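Sequential numbering of the sequence shown, starting at 2, is according to this note's numbering.
Just below is one structure, and these are the notes that go with it.
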Amino acid sequence: MPARRPSRKAAATRARPLALDRAAALRALAGERFDVLVVGGGVTGAYTALDAVSRGLRVALVEKDDFASGTSSKSSKMVHGGLRYIEQGNLGLVRHSLLERQRFRRNAPHLVHRLPFLFPLLKQDGVFDPRLAKAFEGLLWTYDLLGGWRIGKLHQRLTVNEVLAHAPTLRADHLTGGLLYFDSRADDARLTLTIVRTAAALGATVLNGTKVERITTDASGRVTGARVNADGEEFEIRASAVVNATGVWSDTLDAMAESGHAPQVRPAKGVHIVVPWSKLRIDCTVTVPIPGRARRATCTRWGDAVVLGTTDNDYKGSVEDVLCTREEMQFLLDGANTAFDVRLTPDDVLGSIGGLRPLVGGKEGATLDMSRDHRITVGAGGMVTVTGGKLTTSRHMGELVVDRVMDVLGHKGRSRSRTANLPLLGGAGYDAEAVAASGGTAAHLGERYGTEARFVHDLIAEDGTLAEPVVPGMPYTKAEVVYAARCELARSVDDVLSRRTRARLFGRDASAEAAPAVGALLGAELGLTPRQIDAQVADYRAAVAHEKSVLLEGVAA
2 MPARRPSRKA
12 AATRARPLAL
22 DRAAALRALA
32 GERFDVLVVG
42 GGVTGAYTAL
52 DAVSRGLRVA
62 LVEKDDFASG
72 TSSKSSKMVH
82 GGLRYIEQGN
92 LGLVRHSLLE
102 RQRFRRNAPH
112 LVHRLPFLFP
122 LLKQDGVFDP
132 RLAKAFEGLL
142 WTYDLLGGWR
152 IGKLHQRLTV
162 NEVLAHAPTL
172 RADHLTGGLL
182 YFDSRADDAR
192 LTLTIVRTAA
202 ALGATVLNGT
212 KVERITTDAS
222 GRVTGARVNA
232 DGEEFEIRAS
242 AVVNATGVWS
252 DTLDAMAESG
262 HAPQVRPAKG
272 VHIVVPWSKL
282 RIDCTVTVPI
292 PGRARRATCT
302 RWGDAVVLGT
312 TDNDYKGSVE
322 DVLCTREEMQ
332 FLLDGANTAF
342 DVRLTPDDVL
352 GSIGGLRPLV
362 GGKEGATLDM
372 SRDHRITVGA
382 GGMVTVTGGK
392 LTTSRHMGEL
402 VVDRVMDVLG
412 HKGRSRSRTA
422 NLPLLGGAGY
432 DAEAVAASGG
442 TAAHLGERYG
452 TEARFVHDLI
462 AEDGTLAEPV
472 VPGMPYTKAE
482 VVYAARCELA
492 RSVDDVLSRR
502 TRARLFGRDA
512 SAEAAPAVGA
522 LLGAELGLTP
532 RQIDAQVADY
542 RAAVAHEKSV
552 LLEGVAA
């Protein structure tokens, strides 16, 4: 029978910080029986777990590496409807994505922020032929009418001076004006982690560093759980239903459950690089053409940096070592240098990421034209597999997956999804204007933790040294490292610098220098030995050096 039905607000308003206990989670996974085991700690698996536990099911969520360590920390970070899907004629996906965008803005206002997008209009070498500018504005009207209006602003046509006010370093010689519309962005890793923690607050058992060795079945071939390895121990997790939400790894897990499984996922690689904001000085996202290519690139301000992305190409390499290459970096630098009156070089690149989108099916050709619709299947043994989709629609994907799980469990009078109006941790009562006005550390913490920022402030009140930055020149505090260890299941230097903070992306070299300080703080919290701390620091620095060599020296990933 399902567990108790939690309150809608239970996860959003807490008197004490939610301290995730790794040892307790291990005991629960090995000793209890669950209604559903979700494998994969990306955004789709996270929202599947949240949807299931919010309906009253007993839920376990496991991830072989770290939450959001795959695609869900390496996306475009856009929560959007997708203009190009209108160009592809997929109006239904756009309409639904814009509805889900609004739900994200309501349920996680501390994490999902409104962002203006600017399309400069040029006499030549622009994103579109000048003759198509009027048609593109019609596309923006369609976008607004399909649901873009929910963000509170409609698109605008800008004069040359208005365009340059947003992007003063744009080349102005062929500029005739611009079009501005509005979407949203989020720190994808932080958002995924918050969904996981919200599920845990409602009673789900969640654990990273837990690798599935095999899917278990009964004599009839029905899936009964998984044999896993966590912290050097191997044990079985018993569950009445299993969900495969492992993204680009889903074919591997499906093959464990069903011999002769034919691969379904077609990975598409996307990359982003980061450069100093002082080089471009934009206050929004500017979409620019790439010379000689049909693909557009985006330049997005993020604090003191600008994120440039993305490519979208078939990928045939290892899914375990996906990095931005020198060729891909140059592709993005060329686009920025063509559109802006600047000269960006590889020496300006502060950090980079490469990730894989788990697209489904499709023939050989441009992955850009492939659908971002999701696919949910139920195997012969009853395992539910979800593939495809995108960040913006992850909540709805989780809802649909759990609907299928209910069928597998035989719950004919199944309860309906509750996540459409379920605030994520830190979201209920969040006042964006008050946080922005507070400035400094208070604003920084508010925009990362929402109303739960008070728990990080409490750590600083207890020990003033924790207010110090952990990475020189960046806003992340030592208190956030302590909080990550106590409340966010951070196990390693990489967990903290790559995902609990985004120091590796926005300051790769500085983060490597800060690795020993992070290791010392984690060691004190997790009881690590000096040898273990040194090993983590060395591993992190080696990973950064490898990333840098692939990016700058053209060494094969």
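Quick reminder that beta carbons are idealized off the backbone N, C-alpha and C, glycines included.
Since the model is a prediction, treat every value here as computed from it, not as a measurement.
Problem - Proximal residues to I30 (C-beta, below 8 Å), its chain only, five neighbours per side dropped - result: First, the amino acid is wrong: residue 30 is Leu here, not Ile. Excluding sequence neighbours, L30 sits near A61, V63, T206, L208, T211, V229, A231, F236 and I238.
Exercise for the section: Tell whether a beta-carbon distance below 8 Å holds between F35 and R56. Expected result: no
Handout entry: Exposure label - N108; buried when at least 16 CB within 10 Å
Key = buried
Practice task
Taking S319 as the reference, give the member of R96, A485, G382 and P268 with the closest Cα.
Solution key: P268
Problem - Other residues of its chain near T530: CB distance less than 8 Å, five sequence neighbours each side excluded - result: G524
Handout entry: Through-space distance from L94 to I87, alpha-carbon basis
Key = 9 Å
Problem - Buried or exposed by the 16-neighbour rule on C-beta atoms within 10 Å, applied to S260 - result: exposed
Problem - Collapsed DSSP secondary structure at Q157 in the structure displayed - result: strand
Practice task
Return yes when at least one heavy atom of the ligand ADP lies under 7 Å from the C-beta of R542, else no.
Solution key: No copy of the ligand ADP occurs in the structure displayed, which carries no ligand at all.
Problem - Among G41, S185 and R23, the one whose alpha carbon lies nearest that of S98 - result: S185
Handout entry: Reference A539; option with closest CA among S512, L180 and L552
Key = S512
Practice task
Look up P110 in the DSSP assignment and say whether it is helix, strand or coil.
Solution key: coil
Handout entry: V323 - DSSP class collapsed to helix/strand/coil
Key = coil
Handout entry: Reference A53, options A16, G153 and V244, closest by Cα
Key = V244
Exercise for the section: Quick one: which unbroken beta strand (DSSP E) runs of 3-plus residues sit fully inside the segment 20-52? Chain order, please. Expected result: 34-40
Handout entry: Cβ shell of L165 (< 8 Å), same chain only, five flanking positions each side left out
Key = L171, A173 and L176
Problem - Distance between C300 and R104 (C-alpha atoms, nearest Å) - result: 25 Å
Handout entry: Short Cβ contact (8 Å threshold) for V482 with V471
Key = yes
Problem - Nearest-angstrom beta carbon gap, V385 and A240 [assumed within contact, 8 Å] - result: That pair is no contact at about 11 Å.
Handout entry: Proximity winner among A69, V551 and K135, relative to V323 (alpha-carbon distances)
Key = V551
Exercise for the section: Enumerate in chain order the residues of its own chain whose CB-to-CB distance from Y431 is below 7 Å, with the five nearest sequence positions on each side excluded. Expected result: P110, H111, G451 and T452
Problem - For F332, the residue or residues it bridges with in DSSP - result: Paired residues: none, contrary to the question.
Exercise for the section: In the DSSP assignment, find the unbroken alpha helix (DSSP H) run with D540 in it and report its ends. Expected result: P531 to E554
Handout entry: Cβ shell of L119 (< 6 Å), same chain only, five flanking positions each side left out
Key = H167, G179, L181, C285 and V287
Handout entry: Contacts around V436, its chain only, beta-carbon distance under 6 Å, and the 5 residues preceding and following it disregarded
Key = A444 and G447
Handout entry: Per DSSP, the bridge partner or partners of L176
Key = L123
Problem - For A381 and G222, the rounded distance between their alpha carbons - result: 8 Å
Problem - Bridge partners - S353, DSSP secondary structure assignment - result: I274
Exercise for the section: Would you grab the beta carbon distance between Y484 and L460 for me? Rounded to a whole angstrom, and I think it's under 8 Å. Expected result: 6 Å
Exercise for the section: Starting from R297, follow its DSSP beta bridges and name the residues at the other end. Expected result: P290
Exercise for the section: Please name the residue, chosen from L192, L360 and G204, that lies closest to G271 on a Cα-to-Cα basis. Expected result: L360
Practice task
Express the C-alpha separation of D188 and H547 in angstroms, rounding to a whole number.
Solution key: 24 Å
Exercise for the section: Decide yes or no for the touch test of the segment 342-355 against the segment 272-283: beta carbon pairs closer than 8 Å, at least 3 of them. Expected result: yes
Practice task
Identify every run of the alpha helix (DSSP H) within the segment 388-469, keeping only runs that are complete inside it and at least 4 residues long; order them along the chain.
Solution key: 395-410, 433-439, 441-450 and 454-463
Practice task
Taking 8 Å as the cut-off, decide whether the C-beta atoms of G82 and R102 are in contact.
Solution key: yes
Practice task
Consult DSSP for N209 and reduce its assignment to one of helix, strand or coil.
Solution key: coil
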